[in-house]
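Here's the structure we're looking at; comments come further down.
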Amino acid sequence: MNCDEFVELVTAFLDGALDPATEDRFVEHLALCEGCERYLEQFRTTIAELGELPPESLSPAVRTDLLDAFRDWHRS
Amino acid sequence: MTKLPPDDELVAALRAGDGAAFADVLDAWSSSMLRLARSFVSTHATAEEVVQDTWLAVVKGLSAFEGRSSFKTWVYRILVNTAKKRGTHEKRSVPWTSLLPGDEDHGPTVDPSRFQGPGGAYPGHWRETPEPWASPEKTALALEIREIITGVLDELPARQRAVISLRDVGDHTAEEVCAMLQISAANQRVLLHRARAVVRARLAGYLGVA
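Order-wise, the sequence lines are chains D and U.
Per the working numbering, residue 1 is the first one in the first sequence, and the count goes up by one each step.
Per the working numbering, residue 77 is the first one in the second sequence, and the count goes up by one each step.
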């Protein structure tokens, strides 16, 4: 496997979606190539950082409106 | 975050008018719904309206839920439809014309010039390995990284943004995302991979130790 093929398969690898033969070639390349090992690690870091974004939330006014709407809907 | 009960209990409680159950599900899902809505509309304010309209439609349409998908998937599909409609009305609408990958979804995700050409000693291998990164855990960097990531998400094509928002920012599984967006597993993976590669490249420009 070449590096330019490896970099396109990273997400499939992380999802366990590679067929066994391709996964073998992927892992074999990973063991030999420092650049791709680093690329994979940076992909993992990227995913972890995406997961660290603070949650967005509804404004309190909208939340209250929705809770009221739910109550009204069931009262009527 | 409150752990939500299984679908049948949750839906029964909502149908019975249990306000606490509604507050729980509203608080549990609205953050991820806001992010998903932002894939289709251009401002946070509009995204909030989309989420609000979605919840109103859910409240009124509860009797129509038949349990063919998970309740969450059902709610998110209503969100996607609501957001798409709003997106097409909006001046700065974000295109979501096709469920299939678009033009921006093809081609290499790493600049081909980073790899050796046919004349190189090792064609297809790195010319120079990617630069190592400074640790993002350094707290001084954390805030800037979040700003960078938020900025990149704003620039991504809608489909890529929707998938990465659900998979990596939210914590949805590939199966859930396919069901919510009604795309194939292969499309989902292509969109996610491209979006991740763009974010990685941007972080590399910032974290890379030259």
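Where is the CB? At the ideal position from N, CA and C, for every residue including glycine.
### Message
Can you pull the chain D neighbours of U:G200, defined as C-beta to C-beta under 8 angstroms?
### Response
The sequence position of residue 200 of chain U within the second sequence is 124, counting from 1. Ordered by position in chain D, the residues that pass the 8 angstroms Cβ test against U:G200 are N2, C3, D4 and E5.
### Outcome for U:R243 when other beta-carbon atoms lying within 10 angstroms are tallied against a minimum of 16
The residue you call residue 243 of chain U lines up with position 167 of the second sequence. Result: buried.
### Query
By the criterion of Cβ-Cβ separation under 7 angstroms, what are the contact partners of D:A21 in chain U?
By one-based count along the first sequence, residue 21 of chain D stands at place 21. By Cβ distance, chain U contributes nothing, its closest Cβ being about 18 angstroms from D:A21, past 7 angstroms.
### Message
Please confirm whether U:E220 has its beta-carbon closer than 8 angstroms to some beta-carbon of chain D.
### Response
Position 144 of the second sequence, counting from 1, holds the residue named residue 220 of chain U. Closer than 8 angstroms: no.
### Query
Where does U:F116 fall in DSSP's three states?
Along the second sequence, one-based indexing puts residue 116 of chain U at 40. Looking at U:F116 - three-state DSSP - the assignment turns out to be coil, as it is neither helix nor strand.
### Task
Compile a chain-ordered list of the residues in the segment 120 to 145 of chain U whose CB is closer than 8 angstroms to at least one CB of chain D.
H120, E124, V127, Q128, W131, L132, V135 and K136
### Query
Could one say the Cβ of D:F26 lies closer than 8 angstroms to chain U's Cβ atoms, at least one of them?
Numbered from 1 along the first sequence, position 26 holds the residue referred to as residue 26 of chain D. Judged by the 8 angstroms Cβ criterion, D:F26 is not in contact with chain U.
### Message
I'd like to know if U:G281 contacts chain D, where contact means its C-beta is closer than 8 angstroms to some C-beta of that chain.
### Response
Start at 1 with the first residue of the second sequence, and residue 281 of chain U comes out as number 205. Not one chain D Cβ lies under 8 angstroms of U:G281.
### Query
Any chance the segment 91 to 108 of chain U sits against the segment 127 to 139 of chain U, with 3 or more Cβ pairs inside 8 angstroms?
yes
### Query
Looking only at C-alpha atoms, which of U:T164, U:A140 and U:Y152 sits nearest to U:T122?
Start at 1 with the first residue of the second sequence, and residue 122 of chain U comes out as number 46. U:T122 has its Cα closest to that of U:T164, out of U:T164, U:A140 and U:Y152.
### Message
Using a 10 Å radius around the Cβ and a threshold of 16 neighbouring Cβ atoms, would you call U:R237 buried or exposed?
### Response
Indexing the second sequence from 1 puts residue 237 of chain U at position 161. So U:R237 ends up on the buried side.
#### Entry: At least 3 beta-carbon pairs within less than 8 angstroms: the segment 81 to 88 of chain U vs the segment 26 to 45 of chain D
no
### Residues, ordered as in the chain, of the segment 39 to 55 of chain D that lie near chain U by beta-carbon distance below 9 angstroms
Y39, E41, Q42, F43, T45, T46, I47, A48, E49, L50, G51, E52, L53, P54 and P55
### Task
Can you tell me which of the three DSSP states U:F191 falls into?
Within the second sequence, numbered from 1, the residue matching residue 191 of chain U stands at position 115. Reduced to three states, the DSSP call for U:F191 is strand.
### Query
Within 8 angstroms (strictly less), CB to CB, does D:L30 reach chain U?
In the first sequence, the residue the question calls residue 30 of chain D occupies position 30. It does not; no Cβ of chain U falls within 8 angstroms.
### Query
Tell me which same chain residues have a C-beta within less than 8 angstroms of the C-beta of U:S145, skipping the five on either side of it?
On the second sequence, residue 145 of chain U is found 69 positions in, with the first residue counted as 1. Excluding positions up to five away in sequence, the list reads R153 and A255.
### Query
With 16 other CB atoms within 10 Å as the buried threshold, where does U:H182 fall?
By one-based count along the second sequence, residue 182 of chain U stands at place 106. Looking at its Cβ environment, which holds fewer than 16 other Cβ atoms inside 10 Å, U:H182 is exposed.
### Message
If you measure between the beta carbons of U:P184 and D:E8, is that distance less than 8 angstroms?
### Response
In the second sequence, the residue the question calls residue 184 of chain U occupies position 108. In the first sequence, the residue the question calls residue 8 of chain D occupies position 8. Taking 8 angstroms as the Cβ cut-off, U:P184 and D:E8 qualify as a contacting pair.
### Task
Please report how far the alpha carbon of U:D187 lies from the alpha carbon of U:H120, in whole angstroms.
If you number the second sequence from 1, residue 187 of chain U lands on position 111. If you number the second sequence from 1, residue 120 of chain U lands on position 44. Cα to Cα, the separation comes out at about 32 angstroms.
### Task
Drop a sphere of 10 angstroms on the beta-carbon of U:G281, count the other beta-carbons inside from all chains shown, and report buried for 16 or more, exposed for fewer.
On the second sequence, residue 281 of chain U is found 205 positions in, with the first residue counted as 1. Flag for U:G281 reads exposed.
### Task
Inspect the beta-carbon positions of D:V10 and D:L40 and report whether they are closer than 8 angstroms.
Residue 10 of chain D sits at position 10 when you count from the first residue of the first sequence. Residue 40 of chain D sits at position 40 when you count from the first residue of the first sequence. Their beta carbons are under 8 angstroms apart, which means D:V10 touches D:L40 by this criterion.
### Query
Is the beta carbon of U:V275 less than 8 angstroms from the beta carbon of U:V228?
Position 199 of the second sequence, counting from 1, holds the residue named residue 275 of chain U. Position 152 of the second sequence, counting from 1, holds the residue named residue 228 of chain U. For U:V275 and U:V228, yes; Cβs fall inside 8 angstroms.
### Query
Going along chain D, which residues have a C-beta under 8 angstroms from U:R162?
As a position in the second sequence, residue 162 of chain U is number 86, starting the count at 1. Near U:R162 there are no residues of chain D at all, since even the closest Cβ is about 15 angstroms away, more than 8 angstroms.
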